[in-house]
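Q: Below is the structure I would like to discuss, written out as structure tokens.
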């Protein structure tokens with residue numbers, strides 16, 4: 004199996020305060036990890052760091068494959084239709100041929116002409132996750148992907164994740180909802196806080 008992501012003594016910090024105990028982790032092709040921990044422990048900060056949105060960390064990160072980060076806040080224009088929003092990303096990623104399948108997979112066809120801000124929270128989350136069907140990326144970084152989803156939509160997500168792993172992908176998923184994955188890792192608050200840190204490196 005080939006490595007997709009490696010973390011070596013990795014932790015994030017804010018204002019010099021380490022958020023969680025140093026973490027070492029390797030995700031190989033076909034593996035998905037649930038990232039657990041209490042509110043404020045740094046799950047989102049960890050994912051933002053791996054995606055390049057946040058720079059405050061120590062340790063080393065080795066990203067061996069391209070990634071796709073799906074945050075809790077979808078990068079959609081509120082007053083544009085669902086179709087317009089997804090079409091933008093399909094065009095940006097040069098994957099317009101996947102748009103129809105993405106709408107069908109996430110049960111969004113009947114909603115495609117509605118403005119994004121007219122959708123329910125669950126519908127908006129399905130639209131956010133539909134981007135997983137638009138871009139081919141070996142590593143998925145997902146922040147609370149099942150938030151606001153009903154049982155059927157959670158099942159759709161699990162099926163998409165299973166297919167992704169069967170194709171040799173990997174995933175790191177911050178979640179409060181157990182996905183029953185074999186691999187789980189829990190972030191722990193340091194026993195002693197320290198504001199001494201050095202910048203890490205992403206390669």
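Residue numbers (the numbering used here): 4 to 206. Glycine included, each C-beta is placed from N, C-alpha and C at the ideal position.
(1) CB-CB under 8 Å to residue 67, same chain, minus the five flanking residues each way: which ones, in chain order?
(2) Report the residue ranges of all beta strand (DSSP E) runs contained in full by the stretch 137-172; include only those spanning at least 3 residues, in chain order.
(3) Mapping DSSP to helix, strand and coil, what is residue 48?
(4) Whose CA, out of 27, 21, 141, 37, lies closest to the CA of residue 183?
(5) Tell whether a beta-carbon distance below 7 Å holds between residue 146 and residue 75.
(6) Quick one: Cα of residue 108 to Cα of residue 20, how far?
(7) Just verifying my parser: in three-state terms, what is the DSSP assignment at residue 135?
(8) Using only CA atoms, which one of 154, 79, 134, 30 lies nearest to residue 99?
(9) What alpha helix (DSSP H) runs, 4 residues minimum, are completely inside the stretch 35-91?
(10) Would you please state the rounded distance, in angstroms, between the beta carbons of residue 175 and residue 152? I believe it to be under 8 Å.
(11) To which residues of the same chain is residue 132 closer than 7 Å at the C-beta, ignoring the five residues directly before and after it?
(12) Measuring only the C-alpha atoms, how far is residue 16 from residue 43?
(13) Report all residues from its chain with a CB closer than 8 Å to the CB of residue 221; omit the five preceding and five following residues, and keep chain order.
A: Per the coordinate set shown:
(1) 5, 6, 7, 8, 9
(2) 142-146
(3) helix
(4) 37
(5) yes
(6) 42 Å
(7) Shown here, residue 135 sits in a helix according to DSSP, grouped into three states.
(8) 134
(9) 46-53
(10) In fact, because the Cβ distance is near 19 Å, the residues do not count as touching under 8 Å.
(11) 73, 109, 148, 160.
(12) Using only the alpha carbons, I get a separation of about 11 Å.
(13) Only positions 4 to 206 of the chain appear in this structure, which leaves residue 221 out of reach.
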